[in-house]
Each structure stands twice: as structure tokens, then as C-alpha cells.
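Enquirer:
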Amino acid sequence: MSQTTTRFPLGTVTVSPAAAAALEAANLNPSTFLARHQAGDWSDEDREGNEWAVRYGHDIASMYPLPDGAELLVITALDRSCTCMLLESEYEDREIGMVEGYDTWARTYDIEKNPLIAIEEPRVQQLLDGLSFDTALDVGSGTGRHALRLARRGVRVTAIDQSPGMLDVARNASTAERLDIEFHLASIDGGLPFENASFDLVVSALMLCHMPDLRPTVRECARVLRPGGHLLITDFHPDAVARGWRTTFWAPGTAYLPQLRTMGAPAIWRPWRKQVWRLSRSKTPVRRS
Ligand SMILES: C[S@@+](CC[C@H](N)C(=O)[O-])C[C@H]1O[C@@H](n2cnc3c(N)ncnc32)[C@H](O)[C@@H]1O
Numbered sequence: 002m003s004q005t006t007t008r009f010p011l012g013t014v015t016v017s018p019a020a021a022a023a024l025e026a027a028n029l030n031p032s033t034f035l036a037r038h039q040a041g042d043w044s045d046e047d048r049e050g051n052e053w054a055v056r057y058g059h060d061i062a063s064m065y066p067l068p069d070g071a072e073l074l075v076i077t078a079l080d081r082s083c084t085c086m087l088l089e090s091e092y093e094d095r096e097i098g099m100v101e102g103y104d105t106w107a108r109t110y111d112i113e114k115n116p117l118i119a120i121e122e123p124r125v126q127q128l129l130d131g132l133s134f135d136t137a138l139d140v141g142s143g144t145g146r147h148a149l150r151l152a153r154r155g156v157r158v159t160a161i162d163q164s165p166g167m168l169d170v171a172r173n174a175s176t177a178e179r180l181d182i183e184f185h186l187a188s189i190d191g192g193l194p195f196e197n198a199s200f201d202l203v204v205s206a207l208m209l210c211h212m213p214d215l216r217p218t219v220r221e222c223a224r225v226l227r228p229g230g231h232l233l234i235t236d237f238h239p240d241a242v243a244r245g246w247r248t249t250f251w252a253p254g255t256a257y258l259p260q261l262r263t264m265g266a267p268a269i270w271r272p273w274r275k276q277v278w279r280l281s282r283s284k285t286p287v288r289r290s
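Take the sequence shown: its letters are residues 2 to 290, numbered as in the numbering used here.
So this is what it looks like as C-alpha cells:
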């Protein structure tokens, strides 16, 4: 009896009607491609990204040419809960509202191995370790990456974000660790709802790229800082944004692009999509504590 090698679980499998029809027309069986995908029978183009994805927990995506020239995509979600089979032509870039986008992303944001965060986090820690402060504000705190770490240090932390989903994750983590963080569910578009000179430290991590104009946000951060306080901002390089880089997250079959409010141009983005999708599964090893 032949033994099938399985390198990861597939979870719930769905096959799009178009993919099912294309396979049937070619007299091919979906299970053949699921087995190849799961056994690591990948094209040279997919191999490097997939080896990394299997090891570090990212989407695993394989592309197989069909006899009629179409390409079959098999994608397993980063949490291995589901696998989706579809035609490459069905792969969708979906513009999504900022709040809805982050609410959707909240489910996987902390388990995703994000190479950008892997670079940013140790640098932020290093910068903050050398400073002393009693109060901190995390602007666009998301799931609380920095807010939680600061609260563990004994800092009195306030966190503000417009996404209920992201803030819920942060709140639950804070409660589980019995930390005392003050959470505010609000957009900062109209300014920060805090008095002048309220905080020793203001952190804004990977958030400013969503601001159509950086100046009012930075002005607001400066306003709520105590004289001599520290402002720490992390983000994409503005050149990357200007050249069309988009904050993106993935689910099998879909690239989600939270609403564009910056100077990035969708016209530039679209032709890049396939390359960026492959690049997103780059081989950078990621460690998150
Ligand atoms: C990429 S996440 C970064 C989260 C967290 N700071 C981190 O570094 O992990 C960007 C966050 O900014 C929030 N955000 C974007 N625009 C915002 C706005 N106008 N007001 C409040 N929060 C905003 C989003 O909801 C999201 O949680």
C-alpha cells in the first residue's frame, strides 16, 4: 500500500466551481493536486516560499498548470484551518474598508509571521529599553503589540484604535495577563481625545501609513506629549508607499487591501500583485516572542 506524505494539515477543503469544471474537463481529480500540494510537490518558483511558509506558519500556495493553459492554485491558510482550490484567474484583490479590514485581519494578525514586524520589534524594544517613563500612549495600538509590552514593564498605558476586532484581541490579552491598560475605541482622524501634555511616551507603530496627511497626526502626538517626552514612530519608508506599496493581508484566494487613503496608487499596485503575493512569502526567517 502506498504511503502519502503529508507535510501539513489541509483543514476544510473547498474547490471553486470554475476549478472543478476545469479539472473535470481535463479528466483530472482534485485529490491528485491536494496530495501534491500537501506532499511538497511544488514548482521551483513556489518551493522557497513554501518551505519558509511550512516552517514559520504562513499561507502555503502551489500553482499547477492545467492542459488548457489555465493555472490551478491550491492555498492553505496560515492557521491550517482551510485549503482552497481555485483558478489563478479567480484570485482576487479585494479593497476593504479600514475598520472592516482590520476587524477581519484581527483573527490572524498575531499568528502571522510578518517579516516587517520581525525587523521592527527588536529595534523598538532596544530604543525603549534605554528610556524611562511612567505613562505611555499607543496610537493605532492594534492587537496591543507595544501596549502590552509597555504595561508589563509597569508603565501606565493608554491605547487607542478604531478597529473593535483589533482592540478586542488587545483587551483579551491584557485581561488574561491582569494588566491595567486603558483602551479607547476611536478614530484619531479628528484628533486625539486626550489633554495636552498627558504622556511621557507616545508610540505609533505601522499606523501612520494609513494617514492621508501625516502632519495633523504627528502634531496631535506632539500635543499630548509632556515637554521632554518621547515620540516613537515606526512605519514603511515613504518611498515604498509612494511607489504603491499597500498594507495587505491574505486569506486563501484573496488579497485584502485596507482602503487606500495615502498617496499609493492602485494603478501601480495591480500589475505588481502576483509578484508581491509571491514576495510576501519570502524566505526571511521570523521570530516573534
Ligand atoms: C498595521 S496595524 C498596526 C497595529 C499595531 N500598532 C502594531 O504595530 O502591531 C494599524 C492599526 O492602525 C489602526 N488605524 C488605522 N487608521 C486609524 C485611525 N484613523 N484611527 C485609529 N486607528 C487607526 C488600525 O485599526 C490598525 O489596528
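In this text, a Cβ means the ideal position worked out from N, Cα and C, and glycines have one as well.
On a CA-only basis, which of M167, Y257, A206 and R220 is nearest L193? Give me that one, please.
Expert: The shortest C-alpha separation from L193 is found at R220.
Enquirer: From S17 to G50, what does the alpha carbon distance come to, in whole angstroms?
Expert: Whole-angstrom Cα-Cα distance: 24 Å.
Enquirer: Can you give me the C-alpha to C-alpha distance between R56 and V204, rounded to a whole angstrom?
Expert: Looking at the two C-alpha atoms, the distance is approximately 32 Å.
Enquirer: Give me the Cβ distance between T7 and Q39, rounded to the nearest whole Å; I'm assuming they're in contact under 8 Å.
Expert: Rounded, the Cβ-Cβ distance is 5 Å, consistent with contact.
Enquirer: Consider the C-beta atom of Y103 and the heavy atoms of ligand 1; say whether any pair is separated by less than 7 Å.
Expert: The answer is yes for Y103.
Enquirer: Pick from E72, E101 and A198: whose alpha carbon is nearest that of S90?
Expert: Considering only alpha carbons, the answer is E72.
Enquirer: Using only alpha-carbon positions, find the residue among T235, G131, P68 and P228 that is nearest to E25.
Expert: Of the listed residues, the one whose Cα sits closest to E25 is P68.
Enquirer: Skipping 5 residues on each side, what residues in its chain have a beta carbon closer than 6 Å to that of A62?
Expert: Answer for A62: I76, listed in chain order.
Enquirer: On the DSSP letters alone, give me the boundaries of the beta strand (DSSP E) that F250 sits inside.
Expert: Its beta strand (DSSP E) spans residues F250 to A252.
Enquirer: Taking the continuous beta strand (DSSP E) assigned at S199, which residues delimit it?
Expert: Element bounds for S199: n/a, residue is neither H nor E.
Enquirer: Quick one: Cα of T136 to Cα of R179, how far?
Expert: If you take the alpha carbons of T136 and R179, they lie about 18 Å apart.
Enquirer: Can you check whether the CB of Y110 is closer than 8 Å to the CB of M167?
Expert: Yes, the Cβ-Cβ distance between M167 and Y110 is below 8 Å.
Enquirer: May I ask you to check if the CB of V143 is nearer than 7 Å to at least one heavy atom of ligand 1?
Expert: Just to set this straight, residue 143 is Gly in the shown sequence, not Val. Yes, Cβ of G143 sits closer than 7 Å to a heavy atom of ligand 1.
Enquirer: State the start and end residues of the unbroken alpha helix (DSSP H) segment that holds I61.
Expert: Premise fails: I61 lies in the beta strand (DSSP E), I61 to P66, not in any alpha helix (DSSP H).
Enquirer: So does G181 have its beta carbon nearer than 7 Å to some heavy atom of ligand 1?
Expert: The question names Gly, yet the displayed sequence has Asp at residue 181. Outside the cutoff, so no.
Enquirer: Based on the DSSP output, what are the partners of F184 in its beta bridges?
Expert: BP columns for F184 point to A160.
Enquirer: Between which two residues does the beta strand (DSSP E) holding I120 run?
Expert: Not the beta strand (DSSP E): I120 falls in the alpha helix (DSSP H), residues P116 to D130.
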